[in-house]
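Note sheet for the following structure.
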Amino acid sequence: MTRNLQVLGFGALAIDDIIYVDGPLSAGKGKVTNRTQDHGGNVATALVAVAKLGGRAGFVGWLSDQPLADASARELERHGVDISFAPRRPDARPIRSVITVGSEGDRFIAYDDDVPHGTSEAVTDETLGQAQVLLVDGYAVHAEMVVARARKLGLAVVADIEWAIGPATGRLMSLANHLVLPLKFAQTYSCATDPTLILHKLWSDDRTAVVLTDGERGSYIRQTGDDVLWHVPAYEVKAVDTTGAGDCFHGAYAFALTQKKQPVACALYATAAAAIAVTGPGGRMALPDQSACLAWLAKDDAPVPRPIAPPG
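Going by the UniProt record's numbering, the sequence shown opens with residue 1, and the numbers climb by one from there.
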């Protein structure tokens, strides 16, 4: 089967109204210093990151059947994301979010996600088979069978999950051979706090990797066929806006998988991409290209993966 795309994805598609304030969010109140609007959403921004890095990305989540009225779809196309295989329905629309960003790059997201989620069960195996990687978020519980078919077709399934809604989330996680999760969610889900223990609890014989992301503290990785667990430290940067940093990480990780990199190397590449992304405003405005990531990876002080424990 011809693979015309490298990374397919479906999940959150959003329009973000971003407000910057002159103090940390912990201050309780502050003066507005800037306002802007950007397009966002976990999977959508991750796919834009893939395209910016030079990959071939496609969005196959629900889009409006009125293309001229769908600004989010046009924005994906503008950034080079293929939307030609996305199913359409009249009630499809983006999530609307209001994001408050503090002076230290911290943020609070308020969102209205009463919109259609997932994708159509009619997405064909031929469409899925064009890619090497399927990237999904927690909303993929609404299209579980599509994820299952992607796994059967041999795609790597990368799951970006931040919340659980019961057994459906567990089933979705079981379908993902690359769990790339925020540490805070993984702690809640696994009822454990130590990253090494969580990596053990979330592991299964069907996994290729479990990656726990922890912002400025880096990420923790278990990968198949390896005798140790790994910690990839974060770059030391001055964060302007952390909006979309996790999405950038997921997109860069998925793109690195298409380059036949091992999970630890994928996480190292994604760490560089996310570090660059937080040095600018918005979720997509500062997404890096391939040359920028390679330059950061070549820095003398670039993070080096460190073994932390055996996986037993």
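Just so it is clear, CB atoms sit at the ideal spot from N, CA and C, and this is done for glycine as well.
Predicted, not measured: the structure shown is a model, and the values here were computed from it.
Setting aside the 5 residues that flank it on each side, glycine 215 has no residue in the same chain whose C-beta is closer than 6 Å to its C-beta. The beta carbon of glycine 54 sits closer than 6 Å to those of Gln290, all from its chain and outside the five residues before and after it, given in chain order.
The way I'd put it, the segment 28-47 doesn't touch the segment 121-128; fewer than three beta-carbon pairs between them come closer than 8 Å.
For alanine 164, no pairing in a beta bridge is given by DSSP. In terms of Cβ geometry, threonine 33 and valine 21 form a close pair [threshold 8 Å]. Alanine 131 and leucine 172 have their C-alpha atoms roughly 19 Å apart.
According to DSSP, residue pairing for leucine 135 in a beta bridge involves Gly9 and Val158. Under the three-state reduction of DSSP, asparagine 4 is assigned to coil, being neither helix nor strand. Between the segment 265-276 and the segment 224-240 there are three or more C-beta pairs closer than 8 Å, enough to call the two in contact. In the structure shown, isoleucine 83 adopts coil according to DSSP, grouped into three states.
In the structure shown, the three-state DSSP call for aspartate 125 is helix. A residue is called buried when at least 16 other Cβ atoms come within 10 angstroms of its Cβ; isoleucine 165 does not meet this threshold and is exposed. Boundaries of the beta strand (DSSP E) harbouring glutamine 37: 32-40, taken from the DSSP string. Where leucine 181 is concerned, the enclosing beta strand (DSSP E) starts and stops at 178-182. Annotated three-state conformation of glycine 61 is coil, per DSSP. Minimum Cα-Cα distance from glutamine 6 among the listed residues Cys191, Thr100, Ile19 and Gly58 corresponds to Gly58. Beyond the five residues adjoining it in sequence on each side, leucine 25 comes within less than 8 Å, by CB distance, of Thr100, Gly102, Asp106, Arg107 and Phe108 in the same chain, given in chain order. Annotation: the segment 217-258 contains the following complete segments of the alpha helix (DSSP H) (minimum length 4 residues), in chain order: 245-258.
Assignment of beta-bridge partners to leucine 76 by DSSP yields no partner. No residue range can be given for alanine 192, since it is assigned to no beta strand (DSSP E) and is classified by DSSP as neither H nor E. For a cut-off of 8 Å, the C-beta gap from leucine 135 to valine 115 is around 19 Å, too long to register as a contact. For the pair alanine 140 and threonine 208, the CB atoms are not nearer than the 8 Å cut-off.
Per DSSP, the beta-bridge partners of alanine 14 are Gly40 and Ile95.
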